Structures are given as C-alpha cells and as structure tokens.
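Just so you know, the sequences run in chain order D and L. Counting from 4, one number per residue, gives the positions in the first sequence under the numbering used here. Counting from 123, one number per residue, gives the positions in the second sequence under the numbering used here. The beta carbon of each residue, even a glycine, is placed where N, CA and C say it ideally should be. Since this is a predicted model, take the numbers as computed values, not measurements.
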Amino acid sequence: MSHVAPEDLAHRAEEVLATLEGRELSKKERMGIPQQEMPAQDPVARRETMSEVTFGYTEAQARVEAARCLQCRNAPCIEGCPVRIDIPGFIKAIEDRRYGDSIEIIRRTSLLPAICGRVCPQENQCQERCTVGKALKDTFQSVSIGRLERYVADRAREQADNPAPDVKPETGKRVAVIGSGPASITVAADLRREGHAVTILEAFHRPGGVMIYGIPEFRLPKSIVDEEIETLKRMGVEIKTNFLVGRTRTLQDLLDKDGYDAIFIGTGAGLPKFLGIEGENLVGVFSANEYLTRSNMMKAYDRERADTPIFQPKVVAVFGGGNVAMDAARTAVRLGAESVNVIYRRTRTEMPARAEEVDHAEEEGVVFHFLTSPKRILGDDDDRVVGIECLSYELGEPDDSGRRRPIAIPGSEHVIPVDTVLVSIGNDSNPLITQTTPQLAANKWGNIIADESGKTSMDRVYAGGDIVLGAATVILAMGEGRKAAAAINGMLRGEPEET
Amino acid sequence: MNQILAREQLSEQVFRIRVAAPLIAEERRPGQFVILQLDTNFGERIPLTIADADPDEGSITLIFQAVGRTTQRLAALNVGDPIENLLGPLGQPTHIERVGHVVAVGGGIGAAPLYPIVQAMKAAGNRLTVIVGARTADLVILEDEMRAVADELIICTDDGSRGEKALVTEPLKRLCEADPRPDLAVAIGPPVMMKFCAETTRPFGVHTVVSLNTIMVDGTGMCGGCRVTVGNDTKFVCVDGPEFDGHLVDFDNMLKRLGAYRKQEQQAQEQTPHPKERCRIPEVRS
Ligand SMILES: Cc1cc2nc3c(=O)[nH]c(=O)nc-3n(C[C@H](O)[C@H](O)[C@H](O)COP(=O)(O)OP(=O)(O)OC[C@H]3O[C@@H](n4cnc5c(N)ncnc54)[C@H](O)[C@@H]3O)c2cc1C
Ligand SMILES: Cc1cc2nc3c(=O)[nH]c(=O)nc-3n(C[C@H](O)[C@H](O)[C@H](O)COP(=O)(O)OP(=O)(O)OC[C@H]3O[C@@H](n4cnc5c(N)ncnc54)[C@H](O)[C@@H]3O)c2cc1C
Ligand code: SF4
Ligand code: SF4
Ligand code: FES
Chain D
4 MSHVAPEDLA HRAEEVLATL EGRELSKKER MGIPQQEMPA QDPVARRETM
54 SEVTFGYTEA QARVEAARCL QCRNAPCIEG CPVRIDIPGF IKAIEDRRYG
104 DSIEIIRRTS LLPAICGRVC PQENQCQERC TVGKALKDTF QSVSIGRLER
154 YVADRAREQA DNPAPDVKPE TGKRVAVIGS GPASITVAAD LRREGHAVTI
204 LEAFHRPGGV MIYGIPEFRL PKSIVDEEIE TLKRMGVEIK TNFLVGRTRT
254 LQDLLDKDGY DAIFIGTGAG LPKFLGIEGE NLVGVFSANE YLTRSNMMKA
304 YDRERADTPI FQPKVVAVFG GGNVAMDAAR TAVRLGAESV NVIYRRTRTE
354 MPARAEEVDH AEEEGVVFHF LTSPKRILGD DDDRVVGIEC LSYELGEPDD
404 SGRRRPIAIP GSEHVIPVDT VLVSIGNDSN PLITQTTPQL AANKWGNIIA
454 DESGKTSMDR VYAGGDIVLG AATVILAMGE GRKAAAAING MLRGEPEET
Chain L
123 MNQILAREQL SEQVFRIRVA APLIAEERRP GQFVILQLDT NFGERIPLTI
173 ADADPDEGSI TLIFQAVGRT TQRLAALNVG DPIENLLGPL GQPTHIERVG
223 HVVAVGGGIG AAPLYPIVQA MKAAGNRLTV IVGARTADLV ILEDEMRAVA
273 DELIICTDDG SRGEKALVTE PLKRLCEADP RPDLAVAIGP PVMMKFCAET
323 TRPFGVHTVV SLNTIMVDGT GMCGGCRVTV GNDTKFVCVD GPEFDGHLVD
373 FDNMLKRLGA YRKQEQQAQE QTPHPKERCR IPEVRS
C-alpha cells in the first residue's frame with residue numbers, strides 16, 4: 004500500500020460524497036463506492052515521532068464509508084463482534100448524520116469504542132464476516148467498521164459528549180477490582196452504575212493495564228485511556244495504585260480482613276515468555292514487555308525529561324509476529340535504530356498481528372525475515388549481543404490449528420549481525436495471585452479457571468480478560484468484564500445463580 | 123501518601139528514612155523490598171530493601187546510598203515530604219529456620235538489607251556471627267544495631283581505619299575453617315563481594331545465600347529485566363528472589379547486565395552533578 008496524503012484522501016471523499024448526496028442508492032451502487040483509506044502520517048516523518056500514526060476519517064470520509072454498508076438484514080458482521088455492537092445501526096446513523104444516535108447505539112454494548120475502534124483486529128472479527136468483503140472476495144475490502152467506530156467515538160470526545168453514566172443509589176456493597184486493564188475498567192463501570200462501591204487495586208503507579216504500559220502512544224494515545232479512567236473517577240470509583248494483590252494484601256485478606264463483598268480479578272497476561280535458547284541473558288536482550296514499558300509507561304523515549312534509561316539500539320532483531328512484536332519493532336524504529344528485523348517462523352499470512360500494523364511497520368522500513376527462527380544469540384567477551392544465528396524453515400503439512408507447520412531446513416544456519424534482541428513471543432499469566440491463593444483453581448498455563456459468567460472456584464471471586472483467556476484482545480477482555488459484572492451484580496443482589 | 127516521618131544521615135552518602143506505609147509495614151517479612159518512584163510522570167522506579175518496619179506506627183525504614191539520580195533526589199527530601207509511589211512488599215521473604223550457626227556478611231550498604239535477616243535469624247534461635255565490611259571507618263553502618271543482636275560482631279575496613287584491615291572474605295574464610303563449620307552463610311553487598319563470598323564458602327560446602335540487586339522496572343514479574351542465570355535456569359529476581367543460592371548464581375553475567383545502562387546513568391549524573399565524588403562501595407579484589 005502506498006501512502007496517500009491525508010488532504011488528497013479528504014478531497015477525494017468530498018467528490019464522491021457529492022455524487023451520493025440526496026440519492027437513494029442501490030446495492031450495486033453502494034458496492035461500487037471506493038473504500039476509504041485511513042489518513043496517516045507520512046511514513047518517513049513518523050519514524051521520528053511517537054504521536055499517533057493515523058488521523059482518523061474526516062466527516063466526508065466517514066459518510067462515504069458508511070454508504071458502503073448494505074444494511075444486511077441478517078447482519079453477519081454483528082456475529083463477528085465479541086460484544087455484538089449493532090453495526091448496521093450505528094453505521095446508518097453516520098450516513099444520516101445522526102452522530103448522537105450513533106454513539107448511543109455503540110455505547111449500549113461497548114464501553115471503550117475509541118479504543119476498540121483503534122486496536123480491534125477487525126479483519127478477524129466484525130469485518131471478516133462483512134457481506135461487502137465477501138462479495139468483493141477480499142476481507143480488506145469490507146466496510147471499515149472499526150474506523151467508523153473510531154470516528155463516532157472521537158467525534159463524541161471532541162464535543163465533550165462523554166457523560167459519566169448515571170450511578171444508582173448506594174447499595175452498601177463493596178467490590179474490589181484487581182488490575183485496571185479493559186476487563187477491570189468495564190467491571191468497575193458496570194458495577195458502580197448499579198450503586199456498588201468499587202475500588203480498583205492496581206500494581207503499577209498508573210492505571211490502564213496493557214493499554215498504558217504495552218500498546219505504544221503512536222497506536223493508542225494515552226490521553227484516550229486516561230479519559231476512560233477519569234470517567235471512572237467521576238462515577239466515584241476509587242483507584243488505589245501501587246497495590247499488588249498477593250503481596251500488599253492476599254486475596255483471602257481482601258475478603259476476610261478488608262470486608263469486600265466480591266472480587267474481580269483482571270490481572271492480565273503479563274509474564275514474558277523467552278525461547279530458552281543460548282544467549283538469552285546477554286546484555287542487549289530484552290523482553291518486549293520491558294522495552295515497551297520503559298518507552299511507554301516510563302516515557303523513556305522522552306530522553307530530556309524521563310529518568311528511566313532505554314537501550315540505544317543500532318541493529319535490532321525482533322522475535323515474533325504478533326501485535327507485541329510489531330509494537331516493539333516500531334518503537335525501536337522511533338528510538339533511532341538504523342535497522343529493525345522481524346524474525347518470524349512462518350509466513351506473512353500466518354502472522355497474528357493486525358494487518359494494518361504489519362503494513363505500517365513495513366512502510367516505516369521494518370524488514371521481515373519470514374520462515375526464519377533464531378537458534379542462539381551470539382555475544383562478545385563483554386556479554387554484549389553481536390548477532391543471532393538463525394535457521395531457515397519451509398512450510399509442511401497443516402497442524403491442528405490448520406496452519407501449515409514450519410519445518411527447519413537442515414544446514415541452513417546463518418548469522419544476522421545485530422546488537423539488540425527484543426523477544427516478543429507472547430505472554431503467560433502472572434502466577435502471583437494463584438500462588439498466594441491455593442484455593443483458587445488455575446489450569447496448567449496458570450490461567451484462572453472461570454465459568455461462562457466469570458465465576459471462579461472461590462466463592463464471591465470472579466475473573467476475566469487475559470488472566471482467564473490467555474493473551475487475547477481488548478474487546479474480548481471488555482466483553483468478559485461485562486459478563487462478570489452482570490454475574491457479580493446478580494450475586495450481590497442475592498439473585499439465585501444460574502448454573 | 124507515603125510521608126517521610128524521619129530522616130537521618132548515617133554516613134557521607136548513606137541515609138536512613140522512616141516512611142509512612144501502613145499496609146507494607148503490616149505485611150512485610152525479612153528479605154522483602156519495595157519499589158519507589160518520586161515523580162509519577164517521569165520518575166524512575168527503583169528497588170530498596172525494607173530495613174525495618176513498625177506495624178504499630180505504620181511505617182517502614184529504608185536505608186540507601188545516594189549513588190545516582192533517584193537516590194540523590196530521595197536523599198534531598200525532608201521530613202513531611204511524600205514519596206509519590208511506593209509499592210511493596212515485594213519478593214520472597216527470607217527462609218528463616220533454626221540451623222545452628224549462621225554467619226551474616228554485609229558489605230557497605232549491604233548491611234541494611236542484612237539487618238532484618240539477622241534479627242529474624244536470631245529470633246529463630248540461631249547462633250549468629252555478623253561481619254560488617256566497608257571501605258573506610260566512616261562508611262561502617264548499623265554497627266550498634268548489629269552488635270545488639272549478634273553473638274559475635276566482626277568489623278573490617280579496606281584501609282584498617284576501623285576493626286580489622288581486611289576484606290570480608292578473610293574473616294569469612296577463617297570461620298569456615300573452624301570446626302564445626304558454620305551451618306549457613308548469608309552475604310549481602312556489592313555483586314563482586316557476594317561473588318567472592320560464594321567462592322570463599324564453596325570449598326567448605328557451606329550453603330551461602332546471597333541477595334541480588336539487579337536492575338528492575340516493575341518488580342512484579344512483568345518485564346524480565348531483573349533476570350539472572352541460576353544453575354541452568356533463568357530466574358526473575360523480583361519474584362523468584364531476591365535471595366538465591368550463591369553457589370549457583372552466574373555473577374559474571376549479572377555484573378555485565380548491571381552495566382547495560384552505565385553510559386546513560388553517567389550522563390544523567392552529569393546533568394545533576396553531585397558535589398562530592400561518587401562513593402564506591404568496597405569491592406573485593408580478586
Ligand atoms: C504490546 C501489546 C500490544 C497489543 N496490541 C493489541 C491490539 O492491537 N489489539 C488488541 O485487541 N489487543 C492487543 N493486545 C492485547 C490486549 O492489550 C490485552 O488482551 C488486554 O489488555 C487484556 O486486558 P485485561 O483487562 O485482561 O488485562 P491487562 O490490560 O493486561 O491489565 C492487567 C493489569 O493488572 C495489573 N496487575 C497484574 N497483577 C496484579 C496484581 N497481583 N495486583 C494488582 N494489579 C495487578 C497489571 O499491572 C495491569 O495493569 C496487546 C498486548 C500487548 C502486550
Ligand atoms: C532487591 C533490591 C534491593 C536493594 N536494596 C537496596 C538498599 O536497601 N539500599 C540501597 O542503597 N540500594 C539498594 N538496592 C540498589 C538500588 O536499587 C540502586 O542503588 C538504585 O536503583 C540506584 O538508582 P539511582 O537512580 O539513584 O542510580 P542510577 O543512576 O540508576 O545508578 C547509579 C549507579 O549505581 C549503579 N546501579 C544502578 N542500579 C543498581 C543496582 N540495582 N545495584 C547496584 N548498582 C546499581 C549504576 O550502575 C550506576 O553506577 C537494591 C536493589 C535491589 C534489586
Ligand atoms: S468492537 Fe471491535 S469487533 Fe466489535 S464492531 Fe468494533 S471494531 Fe468490530
Ligand atoms: S455485513 Fe457489512 S454490509 Fe452488511 S450490515 Fe454488516 S457492515 Fe454492513
Ligand atoms: S523487575 Fe520486571 S520482572 Fe523483575
């Protein structure tokens with residue numbers, strides 16, 4: 004994809020809109036409307052800045068894109084959305100310029116549209132099912148549901164139409180919500196709305212979970228996450244930072260000594276995996292979590308003001324092919340690396356990262372080494388990284404997941420000289436709470452076991468998000484939070500539990 | 123807010139502060155530490171051992187050496203000032219058990235994290251020999267406190283200005299040579315000192331616990347920045363430690379990892395110059 008200047012995109016949309024205005028459009032005509040590209044910063048210029056890469060649609064772009072929606076009666080897109088947003092409903096409202104209605108429709112089911120519109124892997128969710136994409140035989144030609152969602156949410160934010168939801172009279176019940184990622188934010192909002200006293204307990208000094216410490220500013224501005232936290236505070240949710248459950252207090256003590264009536268655990272999947280290969284503890288090898296946390300939460304990219312240092316890379320290897328790997332690679336680009344190489348075992352089609360991030364990374368000059376896997380990391384006498392030895396792979400038969408299994412080619416060892424390695428092969432869940440709470444059942448990966456409603460093996464204790472699902476997505480965490488909040492509310496009101 | 127309740131200068135660059143932190147005071151056990159940050163927006167998170175705690179007052183004591191930007195800023199705070207962010211208690215508590223004769227070695231500022239362990243070891247009924255080492259007399263800290271707990275206290279300085287003119291490994295070796303040998307050694311101090319203490323006790327088969335002071339960010343197991351090689355395994359100091367079997371720790375790798383940001387730290391130092399030359403904690407020569 005080549006970069007088109009935002010002014011040109013805006014101009015083209017105005018022209019198209021002029022031809023559509025005031026007419027009844029046939030399905031065929033709608034299908035013929037060109038998909039609206041996301042305006043973005045110039046790929047060269049953005050290598051130097053942490054500010055958000057994409058600008059969001061103009062009003063004309065949003066309305067043209069909305070006109071592409073066929074308003075399918077069966078709306079297959081809704082099935083693809085984990086929280087079942089009424090997609091044709093909110094899109095129709097955009098087409099009709101009823102933006103207030105549009106945001107209202109979204110808010111019925113989603114609490115964080117400005118965030119999900121930006122970070123949802125839409126091509127695997129709502130947009131994968133879209134009739135337009137199916138008809139054009141290309142998912143990437145589907146109606147840009149996520150971009151439209153972002154447009155409506157941003158527009159509401161800009162117009163300060165972000166009212167704190169009404170809070171019902173106090174019930175006298177107290178709930179502790181552990182962690183402050185999307186699952187916890189959702190539970191806190193939903194329970195506070197019902198009049199329960201809610202306290203968020205977060206280990207870090209800043210609330211927001213991965214959305215603050217992991218996902219970089221250039222993809223999700225921190226001010227958007229901060230606003231959601233502010234909304235919680237305005238609703239009367241108490242937020243205690245620097246509180247590590249399992250150490251500052253055990254889970255059991257929260258129930259017994261501190262008298263909480265219910266607990267929600269939304270502690271995420273924050274334990275970085277390593278490959279276990281030779282050289283992984285050399286100087287210059289970092290988990291993506293560490294690298295991203297230093298840059299995002301500790302603001303190490305702001306070298307003038309931040310106290311936290313960050314390793315200055317020249318030639319970087321990033322292991323992995325997910326969102327975390329893309330974020331690490333693109334952060335390294337912005338921190339001045341001369342060359343950034345993503346090392347991935349399979350091919351581009353199998354990469355779990357959002358397609359848009361892969362495109363953006365490529366535009367920014369990140370180099371991809373597909374069908375390649377690291378065998379060991381090489382160091383000098385001072386234990387500093389000097390290179391990685393890799394093996395080449397070819398694709399064999401499909402495995403259980405239906406993906407073709409990569410097979411190492413014997414004798415294909417080759418060395419890529421690098422001075423920095425960012426390991427981004429995924430995260431497991433942090434074992435602290437399960438270790439300090441023997442009664443709490445977890446599976447062999449350390450994920451807390453919870454039923455459909457989020458109920459765990461312990462009375463009055465619920466869990467959701469990545470701590471239950473394994474590393475997943477923001478929207479799934481939010482959806483789980485919604486379900487758990489409903490169950491907790493029912494329990495606190497003394498309703499019989501569904502079993 | 124975690125207010126500073128008391129502040130005292132123990133030696134030229136070593137300070138002791140008492141900080142209000144009721145929950146941490148209640149929960150902490152010997153061997154555990156906190157992570158603090160002085161400025162939510164741009165501050166660095168640094169780990170410091172909980173040197174003592176008073177659950178009744180709801181306070182903890184920290185003893186630290188002003189070596190870099192954050193510790194110098196901390197040293198400049200006054201009674202009544204708040205510490206914006208204070209997280210803890212972190213890490214695994216020391217395994218306290220009655221084993222018989224325990225030798226506890228504290229090098230420089232290492233005497234601070236050693237003190238609560240010494241207290242607990244004594245309370246568990248162990249015979250206790252404490253060795254406190256420093257470069258010079260002015261840098262010997264917690265002498266009175268140690269003397270009050272220890273059955274025997276050995277002080278040594280590099281220049282002989284106080285106690286024996288020796289490195290801590292010398293009395294340690296002597297004790298290992300005695301019959302019966304000590305049942306356990308605990309060594310806390312600069313990494314090089316811990317390394318040579320472990321080397322000293324190894325031939326005698328005296329189990330030696332060390333407390334590692336790696337670079338940390340979160341202190342909760344999330345970043346892996348604190349990882350060390352112990353035996354054939356990678357361990358995270360903040361959650362698996364900070365204490366490990368000194369005979370299994372790869373100190374050379376740890377020392378190199380500690381130097382990963384040296385250049386940047388020096389630059390930060392130059393931006394906020396300290397009036398006095400940087401104090402060097404005593405190093406054991408090989
Ligand atoms: C770099 C990166 C990029 C990603 N990109 C995307 C993307 O583009 N799209 C997408 O949908 N998803 C993405 N994800 C995944 C997504 O961020 C997560 O699925 C989601 O944030 C999970 O939410 P959660 O509420 O379960 O927990 P988290 O967001 O993980 O938050 C958990 C919080 O709990 C706190 N905590 C942990 N243990 C304790 C404790 N014992 N006591 C107190 N607090 C504790 C943590 O400090 C943290 O703040 C990405 C993840 C990463 C790491
Ligand atoms: C579990 C744990 C417990 C600790 N307990 C104490 C304590 O009780 N009292 C105390 O004074 N210090 C303790 N430390 C060390 C303390 O964390 C560092 O001195 C502090 O991070 C320095 O921060 P700074 O910004 O002032 O200096 P920086 O500018 O970060 O560093 C200044 C100099 O100190 C060196 N340095 C940086 N970090 C460390 C480190 N972790 N260990 C050794 N040298 C380092 C640097 O290489 C540099 O030369 C502990 C460390 C750990 C991991
Ligand atoms: S929340 Fe995500 S999946 Fe649902 S409609 Fe929005 S972008 Fe699509
Ligand atoms: S499937 Fe596509 S075209 Fe149909 S309603 Fe949903 S978004 Fe519109
Ligand atoms: S400090 Fe981050 S994992 Fe230990």
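So what's L/Arg400 in DSSP terms, helix, strand or just coil?
Stepping through the second sequence from its first residue, residue 400 of chain L is reached at position 278. Residue placement at L/Arg400 is poorly supported in this model, since its pLDDT is 37, which falls under 50; the coordinates still yield a value, given next. In the structure shown, L/Arg400 sits in coil (DSSP, three-state: anything other than H, G, I, E or B).
Continuous alpha helix (DSSP H) assignments of at least 4 residues falling wholly in the region 326-365 of chain D
Listed in chain order, they are 326-337.
Does the beta-carbon of D/Asn77 have 16 or more other beta-carbons within 10 angstroms, so that it is buried, or is it exposed?
Numbered from its first residue, the first sequence carries residue 77 of chain D at position 74. With fewer than 16 other Cβ atoms from the protein chains shown falling within 10 Å of its own Cβ, D/Asn77 counts as exposed.
Closest Cα partner of D/Arg158 within the set D/Leu495, D/Phe58 and D/Cys393:
Against the first sequence, residue 158 of chain D aligns to sequence position 155. If we check each option's Cα against that of D/Arg158, D/Phe58 comes out closest.
Take the Cβ of D/Ala445 as the centre, count every other Cβ of all protein chains shown within 10 Å, and call the residue buried at 16 or more, exposed below.
The residue labelled residue 445 of chain D in the question sits at position 442 within the first sequence. With 16 or more other Cβ atoms within 10 Å, it is buried.
Just to confirm, are D/Arg406 and D/Glu400 a CB contact at a threshold of 8 angstroms?
Taking the first sequence and counting its residues from 1, one reaches residue 406 of chain D at position 403. Taking the first sequence and counting its residues from 1, one reaches residue 400 of chain D at position 397. Contact flag unset, no.
Spatially closest choice to D/Arg250 from L/Asp178, L/Leu212 and L/Gly247, by CA coordinates:
Position 247 of the first sequence, counted from the first residue, corresponds to residue 250 of chain D. Minimum Cα-Cα distance from D/Arg250 among the listed residues L/Asp178, L/Leu212 and L/Gly247 corresponds to L/Leu212.
Neighbour-count burial assignment, D/Gly25, 16 or more Cβ in a 10 Å radius:
As a working note, residue 25 of chain D is residue 22 in the first sequence. D/Gly25 is exposed by the Cβ-count criterion.
Quick check: D/Ile215 and D/Lys225, are their CB atoms within less than 8 angstroms of each other?
Working through the first sequence from its first residue, we reach residue 215 of chain D at position 212. Working through the first sequence from its first residue, we reach residue 225 of chain D at position 222. Result yes, Cβ atoms of D/Ile215 and D/Lys225 sit closer than 8 angstroms.
For D/Asp386, return the contacting residues in chain L, with the cut-off set at a CB-CB distance below 7 angstroms.
Locating residue 386 of chain D in the first sequence gives position 383, counting from the first residue. Against chain L, the beta carbon of D/Asp386 has neighbours under 7 angstroms at Asn375 and Lys378, listed in chain order.
So what's D/Thr439 in DSSP terms, helix, strand or just coil?
The residue you call residue 439 of chain D lines up with position 436 of the first sequence. Helix at D/Thr439.
If you draw a straight line from the C-alpha of D/Ser145 to the C-alpha of D/Arg71, how long is it?
Taking the first sequence and counting its residues from 1, one reaches residue 145 of chain D at position 142. Taking the first sequence and counting its residues from 1, one reaches residue 71 of chain D at position 68. Approximately 9 angstroms, taken between the alpha carbons.
Cβ-based burial, D/Ser432 [other Cβ within 10 Å; buried from 16]:
Here residue 432 of chain D refers to the residue found at position 429 when the first sequence is read from its first residue. Residue environment for D/Ser432: buried (at least 16 other C-beta atoms within 10 angstroms of its C-beta).
Residue ranges of each beta strand (DSSP E) run of no fewer than 3 residues wholly in the region 249-273 of chain D, ordered along the chain?
If we require 3 residues or more, the beta strand (DSSP E) runs fully inside the region 249-273 of chain D come out as 265-268.
Quickly, what does DSSP pair L/Asp174 with across the bridge? List them, please.
Counted from its first residue, the second sequence places residue 174 of chain L at position 52. In DSSP, L/Asp174 forms a bridge with L/Thr183.
DSSP three-state label for D/Ala411, please.
Along the first sequence, one-based indexing puts residue 411 of chain D at 408. Collapsing the DSSP output to three states places D/Ala411 in a strand.
Terminal residues of the alpha helix (DSSP H) in which D/Glu241 lies
The residue given as residue 241 of chain D occupies position 238 in the first sequence. Not the alpha helix (DSSP H): D/Glu241 falls in the beta strand (DSSP E), residues Glu241 to Lys243.
Show which residues of chain D have a CB atom less than 9 angstroms away from the CB atom of L/Met123.
Within the second sequence, the letter at position 1 stands for residue 123 of chain L. Annotation: L/Met123 has no Cβ neighbours in chain D at a cutoff of 9 angstroms; minimum Cβ distance is about 11 angstroms.
Given that L/Tyr383 touches chain D, what residues does it touch there, using C-beta distances under 7 angstroms?
The residue given as residue 383 of chain L occupies position 261 in the second sequence. Going along chain D in sequence order, the residues near L/Tyr383 (Cβ under 7 angstroms) are Pro312.
Using only the heavy atoms of ligand 3, determine whether one of them is closer than 7 angstroms to the beta carbon of D/Val135.
By 1-based counting over the first sequence, the position of residue 135 of chain D is 132. Because no heavy atom of ligand 3 lies under 7 angstroms away, the Cβ of D/Val135 does not count as near it: no.
Short of 7 angstroms in beta carbon distance, which residues of its chain neighbour L/Leu170, apart from the five on each side in sequence? Order them along the chain.
Position 48 of the second sequence, counted from the start, is the residue given in the question as residue 170 of chain L. Closer than 7 angstroms at the Cβ level, and outside the excluded window around L/Leu170, lie Phe155, Val156, Leu158, Leu184 and Phe186.
Strictly under 8 angstroms for the Cβ-Cβ distance: is D/Thr134 near chain L by that measure?
Taking the first residue of the first sequence as 1, we reach residue 134 of chain D at position 131. For D/Thr134, the answer is no, since every Cβ of chain L falls outside 8 angstroms of its Cβ.
Identify each residue in the region 335-346 of chain L for which the Cβ-Cβ distance to at least one residue of chain D is less than 7 angstroms, and report them in chain order.
Those would be Val339, Asp340, Thr342, Gly343, Met344, Cys345 and Gly346, in chain order.
Which residue marks the beginning of the beta strand (DSSP E) containing D/Ser290, and which one marks its end?
Locating residue 290 of chain D in the first sequence gives position 287, counting from the first residue. Per DSSP, D/Ser290 belongs to the beta strand (DSSP E) from Val288 to Ser290.
Please report the straight-line C-alpha distance between L/Gly343 and D/Gly92, rounded to a whole angstrom.
As a first step, residue 343 of chain L is located in the second sequence; it is residue number 221 there, counting from the start. As a first step, residue 92 of chain D is located in the first sequence; it is residue number 89 there, counting from the start. For the pair L/Gly343 and D/Gly92, the Cα-to-Cα distance works out to about 44 angstroms.
Residues in the region 215-238 of chain D having any Cβ partner in chain L nearer than 9 angstroms:
The residues in question are Tyr216.
Can you tell me which of the three DSSP states D/Cys72 falls into?
Locating residue 72 of chain D in the first sequence gives position 69, counting from the first residue. Coil.
In chain order, what residues of the same chain have a beta carbon less than 8 angstroms from the beta carbon of D/Ile280, not counting five sequence neighbours either side?
Walking along the first sequence from the start, residue 280 of chain D turns up at place 277. Same-chain partners within the cutoff: Pro377, Lys378, Arg379 and Ile380.
With 8 angstroms as the threshold, decide whether the Cβ of L/Ile182 is near any Cβ in chain D.
Within the second sequence, the letter at position 60 stands for residue 182 of chain L. Cβ-Cβ to chain D under 8 angstroms: no for L/Ile182.
If we ignore side chains and look at the alpha-carbon of each, how far apart do D/Arg308 and D/Met301 end up?
Position 305 of the first sequence, counted from the first residue, corresponds to residue 308 of chain D. Position 298 of the first sequence, counted from the first residue, corresponds to residue 301 of chain D. Taking the straight line joining both Cα atoms gives about 10 angstroms.
Name the residues in the region 193-220 of chain L whose C-beta lies less than 8 angstroms from a C-beta of chain D; which are they?
Within the region 193-220 of chain L, the residues whose Cβ lies closer than 8 angstroms to any Cβ of chain D are, in chain order, Glu206, Asn207, Leu208, Leu209, Gly210, Pro211 and Leu212.
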